[in-house]
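Colleague: Can you read through this structure? Questions will come right after.
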Amino acid sequence: MPSELRRNPKLMTEEEKVLEANQDFYTALQDLSMEKMEAIWLQESWVRCVHPGWNLLEGWEAVRESWQQIFENTTFVRVAVGIQAVRIENTSAWVCCTEKISTVAEDRFDSVYVQTTNIFERRNGTWYMVHHHASALPAPWPQDPGSDLVQ
Numbered sequence: 065m066p067s068e069l070r071r072n073p074k075l076m077t078e079e080e081k082v083l084e085a086n087q088d089f090y091t092a093l094q095d096l097s098m099e100k101m102e103a104i105w106l107q108e109s110w111v112r113c114v115h116p117g118w119n120l121l122e123g124w125e126a127v128r129e130s131w132q133q134i135f136e137n138t139t140f141v142r143v144a145v146g147i148q149a150v151r152i153e154n155t156s157a158w159v160c161c162t163e164k165i166s167t168v169a170e171d172r173f174d175s176v177y178v179q180t181t182n183i184f185e186r187r188n189g190t191w192y193m194v195h196h197h198a199s200a201l202p203a204p205w206p207q208d209p210g211s212d213l214v215q
């Protein structure tokens, strides 16, 4: 979302700020933008990431390389996100959601449903991703017409 359209952070609740950081993550993913992805992640040796079907990635360099590889091999991504839960405890927050990810790569269209937990840490008033864990679901989530957000 362009910064001029964002709400004033001073008027936002912490939950709204966490959800905005979560949306920024999906914007980076859909834009296939390393610049945006780098801006949302806390670049520390202890951050973690699990992509569906991948082993655990440890540390910013490994996480960054994984996104670079995904972006280089993907021409299109769209993600429909259903938020299930947001929890904030002091300077940590997590968002549990389901995703329908549609991709085009190497002349192939794929669509997969995943269960995701995104964990954030607040530093100097800004929420940064520190852990992303996405696991494939065997079937789509139940249909609730009002529950899907396209991020």
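With my numbering applied, the sequence shown covers 65 to 215. Ideal Cβ positions, reconstructed from N, Cα and C, are used throughout, including at glycine. It should be emphasised that the depicted structure is a prediction, and the values quoted were computed from it without experimental measurement.
Let's see if you can read the secondary structure: which residues bound the beta strand (DSSP E) around Val-168?
Modeller: For the purposes of this step, residue 168 is taken as residue 104 along the sequence shown, with counting starting at 1. Unbroken beta strand (DSSP E) run through Val-168: 156-169.
Colleague: Does the beta-carbon of Glu-102 have 16 or more other beta-carbons within 10 angstroms, so that it is buried, or is it exposed?
Modeller: In the sequence shown, residue 102 corresponds to position 38, counting from 1. Label assigned to Glu-102: exposed.
Colleague: Leaving out five residues before and five after Thr-180 in sequence, what residues of the same chain have Cβ atoms less than 6 Å from its Cβ?
Modeller: As a position in the sequence shown, residue 180 is number 116, starting the count at 1. Excluding residues within five positions, the ones whose Cβ falls inside 6 Å are Cys-161, Glu-163, Ala-198.
Colleague: Restricting to Cα atoms, I'd like to know which of Lys-74, Phe-173, Phe-184 is closest to Thr-138.
Modeller: The sequence position of residue 138 within the sequence shown is 74, counting from 1. It is Phe-173.
Colleague: In this structure, what does DSSP give as the bridge partners for Arg-186?
Modeller: For the purposes of this step, residue 186 is identified with residue 122 of the sequence shown, where counting begins at 1. Trp-191.
Colleague: Assuming Trp-118 contacts Gln-107 under a Cβ cut-off of 8 Å, what Cβ separation, rounded to an integer in Å, is found between them?
Modeller: As a working note, residue 118 is residue 54 in the sequence shown. As a working note, residue 107 is residue 43 in the sequence shown. Between Gln-107 and Trp-118 the Cβ distance is about 20 Å, and since that is not below 8 Å, they are no contact.
Colleague: What does a CB cutoff of less than 6 Å around Leu-213 pick up in its chain, not counting 5 residues either side in sequence?
Modeller: For the purposes of this step, residue 213 is identified with residue 149 of the sequence shown, where counting begins at 1. With a pLDDT of 48 at Leu-213, under the threshold of 50, the modelled position of this residue cannot be trusted; read the value that follows with caution. So the qualifying residues of the chain are Val-145.
Colleague: Given a threshold of 16 other Cβ atoms within 10 Å of its Cβ, counted over all protein chains shown, does Ala-200 qualify as buried or as exposed?
Modeller: Here residue 200 refers to the residue found at position 136 of the sequence shown. Flag for Ala-200 reads exposed.
Colleague: Report the three-state DSSP secondary structure of Thr-181 (helix, strand or coil).
Modeller: Walking along the sequence shown from the start, residue 181 turns up at place 117. Three-state DSSP puts Thr-181 in a strand.
Colleague: Assign Ala-149 to buried or exposed, taking buried as 16 or more other Cβ atoms, counted over all protein chains shown, within 10 Å of its Cβ.
Modeller: Taking the sequence shown and counting its residues from 1, one reaches residue 149 at position 85. Exposed: under 16 other Cβ atoms inside 10 Å.
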